[in-house]
Amino acid sequence: MKGLLRLGPTGAALAGFLLAALIALQLHGQNRARQEEIRHRQRLLATLTPELERLERYEAIERAIRDALYRDALLPALPRDVPVPEQRETKRLPAAGGWRGLQMELGWPRIATRHALEAISYCTTNPAAWRLAHLQIEALETAGNCRLQLTLERVEASVEE
């Protein structure tokens, strides 16, 4: 380095030029490594694209199934002429062996007997996800009326999250 400085401004310019050339070579090598890494990532992404698309389809199907299960868990609408239950209680039953249950109790303190029979018939035949677990019907003093208690249960696989 002292030898270059003895040459004066020409030596200093030569030293600066050599230093700039070394830095340029270093930056060029880094740039080439970055470009190679980008090409590698693009190839990897191209090979993973079909898998990612398949995963998106599976996730969409899984969401649709989960939504359908949730929709089935809701009590279906009773027939139009059956009045809305005055008592309605939903209980989550404890999980057992990978299964959990949902229980819904419906009560009508006073309902026309024909409406009660329609509700019983509907709850035993229509809601596929639910089963009738308990039924209590009691005649009242007034003709054509009764007290009705229904307990519906639904069992589903327990999903650990």
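FYI, the working numbering numbers position 132 of the sequence shown as 132, with every residue one higher than the one before it. Just so you know, even glycine gets a beta-carbon here, dropped at the ideal spot from N, CA and C. All figures in this text were calculated on a predicted structure; none of them were measured in a lab.
From Asn126, Met104, Leu25 and Arg54, residue whose alpha carbon lies closest to that of Glu153 = Walking along the sequence shown from the start, residue 153 turns up at place 153. Taking only the C-alpha atoms, the option nearest Glu153 is Met104.
Secondary structure of Glu56, DSSP reduced to three states | On the sequence shown, residue 56 is found 56 positions in, with the first residue counted as 1. Helix, per DSSP.
Please determine, among Ile61, Ala116, Leu14 and His28, the residue with the shortest C-alpha to C-alpha distance to Cys146.
-> Within the sequence shown, residue 146 is the residue found at index 146, counting from 1. When C-alpha distances from Cys146 are compared across Ile61, Ala116, Leu14 and His28, the shortest belongs to Ala116.
Give the DSSP-derived three-state secondary structure of Glu161 in the structure shown.
-> Along the sequence shown, one-based indexing puts residue 161 at 161. Because Glu161 carries a pLDDT of 45, less than 50, the predicted location of this residue cannot be relied on, and the following value inherits that uncertainty. Correct three-state label for Glu161: coil.
Quick one, which of Ala157, Val155 and Ile137 has its alpha-carbon nearest Leu162's?
-> The question about residue 162 has no answer, for the chain in this structure spans 1 to 161.
Buried or exposed: where does Thr49 fall if 16 or more other Cβ atoms within 10 Å of its Cβ makes it buried?
-> Counted from its first residue, the sequence shown places residue 49 at position 49. Taking a 10 Å sphere around the C-beta of Thr49, we find fewer than 16 other C-beta atoms and assign the residue as exposed.
Since I believe Leu102 is in contact with Thr90 (beta carbons under 8 Å), could you give me their beta-carbon distance rounded to a whole number of angstroms?
-> For the purposes of this step, residue 90 is taken as the residue at position 90 of the sequence shown. For the purposes of this step, residue 102 is taken as the residue at position 102 of the sequence shown. Thr90 to Leu102, Cβ: 7 Å. Contact.
With distances taken from CA atoms, which of Gly98, Leu150, Trp99 and Arg131 is nearest Ile111?
-> One-based indexing of the sequence shown puts residue 111 at position 111. The option with the nearest alpha carbon to Ile111 is Leu150.
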